[in-house]
Amino acid sequence: MFCSEIRMCVALVAGIMCLGCGTPPTAAPPNPPQTAGASLQGDLRLKPPEGWVSEKPSSGMRVSQYKLPAAEGDAEAASLVVYYFGPGQGGSVDANLERWIGQMQLPDGRPSKDKAKTETTTVNGLKVTLLDVSGTYAGGDMGGGGAGQSKPGFRMRAGVIETPKGAYFIKLVGPEKTIARWDQAFEEFVRSAEFKG
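Residue numbers for the sequence shown follow the working numbering, so the first one is -17 and each next one is one higher.
1) Decide yes or no for the touch test of the stretch 150 to 161 against the stretch 47 to 56: beta carbon pairs closer than 8 Å, at least 3 of them.
2) Between the Cα of Met43 and the Cα atoms of Gln23, Tyr65, Phe136, Met86, which residue gives the shortest distance?
3) Are the beta-carbon atoms belonging to Ile143 and Leu108 less than 7 Å from one another?
4) As a quick exercise: from Asp25, Gly73, Thr118, pick the residue whose alpha carbon is nearest that of Gln131.
5) Nearest to Gly55 by alpha carbon, out of Arg163, Ser174, Glu170?
6) Below 6 Å CB to CB, which residues in the same chain sit around Thr201 once its five sequence neighbours on both sides are set aside?
7) Where does the unbroken alpha helix (DSSP H) through Pro170 begin, and where does it stop?
8) Inspect the beta-carbon positions of Arg137 and Phe168 and report whether they are closer than 7 Å.
9) Suppose contacts are defined by Cβ-Cβ distances below 7 Å. Is Ile83 in contact with Ala98 by that definition?
10) Tyr150 and Leu26: beta carbons closer than 7 Å?
11) Cutting at 6 Å between CB atoms, please list the residues of its own chain near Thr102, excluding the five before and the five after it.
12) Sorted by chain position, which residues of the same chain lie with C-beta nearer than 7 Å to Ser174's C-beta, five sequence neighbours on each side aside?
13) Exposed or buried, Val35, counting other C-beta atoms within 10 Å across all chains shown (16 or more means buried)?
14) Starting from Asp76, trace the alpha helix (DSSP H) in both directions and tell me its first and last residue.
15) Please determine whether the Cβ atom of Ala149 lies at a distance below 6 Å from any heavy atom of the ligand GDP.
16) Could you check whether Gly24 and Gly148 sit closer than 7 Å to each other, using their CB atoms as the reference points?
17) Between which two residues does the beta strand (DSSP E) holding Arg139 run?
18) Of the residues Gln85, Asp165, Thr145, which one's Cα is nearest the Cα of Pro69?
19) In its own chain, which residues sit with a C-beta less than 8 Å from the C-beta of Gly72, not counting the 5 before and 5 after it?
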């Protein structure tokens, strides 16, 4: 019996000494090594200008949405929505530009891409591609919802902001005069883009 007590004490002391040797191989490390997925941590931050009315997003794909009050003489306000569908989701930049351009029709029947203006720039290290096109708006919601419309005298300012977490999509649509009123504010909104953890 004395021998078995000694063996238990030796086993106990050995176990205690082993605790000082490091973490057992089966335990997860307290701080896992940084991987490529770590860059997915963070969100795109945009600062809305004064005068924009923040609205509750009507779907989970909408990060934020705003009403831009109508200019004098326009019957309705403009609408701006920021979309995010997830890493690698939402389609390519070119596919989105093509789809947005297709939502505008020119009165003379020419393809709206003849009138569309695009530009690519960098904002706080993020690649940004912007679109500006006017005509009769015949589009719906970017997420596939919303009925098609036919609204002459409209203008669309849209863009794709590429981040480490994937692309964010901005779409501003409204009567031409109202969009002209808020054009500078839209530019400032895009220039405020920052990706932060």
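Quick reminder that beta carbons are idealized off the backbone N, C-alpha and C, glycines included.
Computed from a predicted model, the values in this text were never measured in an experiment.
According to the structure data:
1) The stretch 150 to 161 makes contact with the stretch 47 to 56: 3 or more CB pairs, one atom from each, lie closer than 8 Å.
2) Here the question's residue 43 lines up with position 61 in the sequence shown. Among Gln23, Tyr65, Phe136, Met86, the Cα nearest to that of Met43 is on Tyr65.
3) Walking along the sequence shown from the start, residue 143 turns up at place 161. Walking along the sequence shown from the start, residue 108 turns up at place 126. At the C-beta level, Ile143 and Leu108 come within 7 Å of one another.
4) Residue numbering aside, residue 131 sits at position 149 when the sequence shown is read from its first letter. Closest by alpha carbon: Thr118.
5) Within the sequence shown, the letter at position 73 stands for residue 55. The option with the nearest alpha carbon to Gly55 is Arg163.
6) Absent from the structure is residue 201, since the part of the chain shown begins at -17 and ends at 179.
7) Within the sequence shown, the letter at position 188 stands for residue 170. Looking at the sequence shown, residue 170 is not Pro but Glu. Residues 165 to 173.
8) For the purposes of this step, residue 137 is identified with residue 155 of the sequence shown, where counting begins at 1. For the purposes of this step, residue 168 is identified with residue 186 of the sequence shown, where counting begins at 1. The Cβ-Cβ distance between Arg137 and Phe168 does not fall below 7 Å.
9) The count along the sequence shown starts at 1 and reaches residue 83 at position 101. The count along the sequence shown starts at 1 and reaches residue 98 at position 116. Taking 7 Å as the Cβ cut-off, Ile83 and Ala98 qualify as a contacting pair.
10) Your numbering for residue 150 matches position 168 in the sequence shown. Your numbering for residue 26 matches position 44 in the sequence shown. Cβ distance < 7 Å, so Tyr150 and Leu26 count as in contact.
11) Along the sequence shown, one-based indexing puts residue 102 at 120. Only Thr111 meet the Cβ criterion.
12) Position 192 of the sequence shown, counted from the start, is the residue given in the question as residue 174. Excluding residues within five positions, the ones whose Cβ falls inside 7 Å are Leu28, Lys29.
13) The residue you call residue 35 lines up with position 53 of the sequence shown. It is exposed - the Cβ of Val35 has fewer than 16 other Cβ atoms within 10 Å.
14) Translated into the one-based positions of the sequence shown, residue 76 becomes position 94. First-last of the alpha helix (DSSP H) with Asp76: 75 to 84.
15) Looking for the ligand GDP in the displayed structure turns up nothing, as the structure carries no ligands at all.
16) Position 166 of the sequence shown, counted from the first residue, corresponds to residue 148. Position 42 of the sequence shown, counted from the first residue, corresponds to residue 24. For the pair Gly148 and Gly24, the CB atoms are not nearer than the 7 Å cut-off.
17) For the purposes of this step, residue 139 is taken as residue 157 along the sequence shown, with counting starting at 1. For Arg139, the enclosing beta strand (DSSP E) covers residues 133 to 145.
18) On the sequence shown, residue 69 is found 87 positions in, with the first residue counted as 1. Nearest option by C-alpha distance: Thr145.
19) Mapped onto the sequence shown, residue 72 falls at position 90. So the qualifying residues of the chain are Tyr65, Tyr66, Asn78, Gly148, Ala149, Phe151.
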